Amino acid sequence: MPSRTKTAMFGSAFFTCLCSFVVICVVLATQRWMSSEVRFLGTNSSTTVSLTYGLFSGTCAQSIDAGLQLSMKTFTVADNLSNTTAKSMITAIIVILVLSLLSSLLSSGFTCTNTVSNPYQTFLGPIGVYTWNSLCGIFTLTAMILFPVSIEENSLSVKLAQGCFAFLQTHVKSEHTYGYSYWIMLLVIFLNIASITIIYFYDHARYSKKKEQERPIENAPKDVILF
Numbered sequence: 030m031p032s033r034t035k036t037a038m039f040g041s042a043f044f045t046c047l048c049s050f051v052v053i054c055v056v057l058a059t060q061r062w063m064s065s066e067v068r069f070l071g072t073n074s075s076t077t078v079s080l081t082y083g084l085f086s087g088t089c090a091q092s093i094d095a096g097l098q099l100s101m102k103t104f105t106v107a108d109n110l111s112n113t114t115a116k117s118m119i120t121a122i123i124v125i126l127v128l129s130l131l132s133s134l135l136s137s138g139f140t141c142t143n144t145v146s147n148p149y150q151t152f153l154g155p156i157g158v159y160t161w162n163s164l165c166g167i168f169t170l171t172a173m174i175l176f177p178v179s180i181e182e183n184s185l186s187v188k189l190a191q192g193c194f195a196f197l198q199t200h201v202k203s204e205h206t207y208g209y210s211y212w213i214m215l216l217v218i219f220l221n222i223a224s225i226t227i228i229y230f231y232d233h234a235r236y237s238k239k240k241e242q243e244r245p246i247e248n249a250p251k252d253v254i255l256f
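Under this note's numbering, the very last position in the sequence shown is 256; numbers go up by exactly one each time.
Printed below as a string of structure tokens:
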């Protein structure tokens with residue numbers, strides 16, 4: 030059976046890993062990644078399309094200069110994107126977040142195992158927790174970088190607006206606001222760092238205690254050791 034200190038430390042790390050898993054689920058499930066105002070210039074007037082969307086679906090509303098809303102509809106991101114590069118980027122972000130979710134799940138399993146037992150395999154201990162939390166943080170950070178790249182380089186909001194309303198002509202300007210579904214990925218990274226920090230302190234304390242137990246023998250007089 031593990032000591033009380035180990036149970037408490039790994040139990041705390043299990044809680045942070047589990048929170049990380051839940052937050053990633055929320056990131057994938059909610060569609061509040063981006064809100065955009067995309068303005069187009071037509072023959073006789075200008076049109077503004079307001080979009081709110083995530084990785085899978087969203088809503089778009091069309092209005093003209095006078096502020097009159099003409100129509101509103103829901104859409105799926107994959108169906109609205111005809112551009113292969115933009116579609117591939119969204120698919121890559123989804124895959125990366127799924128990998129992050131699996132890493133978080135494995136990290137939760139490792140910390141839970143160490144809370145109730147003493148695994149014989151080294152990788153099932155602190156090393157495994159470090160590995161899976163690091164991978165989860167890296168995957169999440171990668172997703173946070175790729176999404177803005179898709180917005181700016183692939184003009185994602187513009188293409189989604191044109192997918193909603195095919196008659197839109199010349200794009201004039203866009204204004205973007207990142208939603209909570211995007212920003213809470215920072216919480217995932219902080220939770221990963223917290224898990225690693227908790228296990229590091231436990232591992233460091235255990236190593237220090239082991240060294241202190243060895244020190245009396247190292248410092249003992251030679252005649253005592255011989256005796």
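No residue lacks a Cβ here, since even glycine has one placed at the ideal position from N, Cα and C.
Keep in mind the model is a prediction, meaning the values are calculated, not measured.
The ligand COA and G208: does any heavy atom of the ligand fall closer than 7 angstroms to the residue's C-beta? Among the components modelled here there is no ligand, and therefore nothing to report on the ligand COA.
Using the Cβ count rule (16 or more neighbours within 10 Å means buried), how would you classify L255? Low confidence applies here, because L255 scores a pLDDT of 46, under 50, leaving its location unreliable; read the following figure in that light. So L255 counts as exposed.
Can you tell me whether C165 is buried or exposed, with buried defined as 16 or more other CB within 10 angstroms of its CB? buried
If I follow the unbroken beta strand (DSSP E) through G71, where does it start and stop? Neither: G71 is in no beta strand (DSSP E) and is coded neither H nor E.
Should K188 go down as buried or exposed, given a rule of 16 or more other Cβ atoms within 10 Å for buried? buried
Please go through the same chain and pick out, in chain order, the residues whose beta-carbon is closer than 6 angstroms to the beta-carbon of G71, but skip the five residues on each side of it. Q198
Can you find the residues in the same chain that come closer than 6 angstroms, C-beta to C-beta, to D232, ignoring five residues on each side of it along the sequence? P155
Quick check on DSSP: helix, strand or coil for L255? Note that L255 has pLDDT 46, beneath the 50 cutoff, so the model's placement of it is unreliable and no number is given.
In the DSSP output, what is H200 paired with across the bridge? F69
Hey, is W161's beta-carbon within less than 8 angstroms of any beta-carbon in chain C? No chain C is present in this structure, which holds just one protein chain.
Count the other C-beta atoms from every protein chain shown that fall within 10 angstroms of the C-beta of T120, then say buried if there are 16 or more, exposed otherwise. exposed
In this structure, what does DSSP give as the bridge partners for T140? In the DSSP output, where bridge partners are listed per residue, T140 has none listed.
Rounded to a whole number of angstroms, what is the C-alpha to C-alpha distance between T36 and I228? 11 angstroms
Report yes if the CB atom of T142 is closer than 8 angstroms to the CB atom of I218, and no otherwise. no
Could you give the distance in angstroms between the alpha-carbon of V201 and the alpha-carbon of A195? 16 angstroms
Under three-state DSSP, which class holds G83? coil
Assigned secondary structure, F176 (DSSP; H/G/I helix, E/B strand, else coil): helix
Would you call the region 73 to 84 in contact with the region 58 to 65, where contact means no fewer than 3 C-beta pairs closer than 8 angstroms? yes
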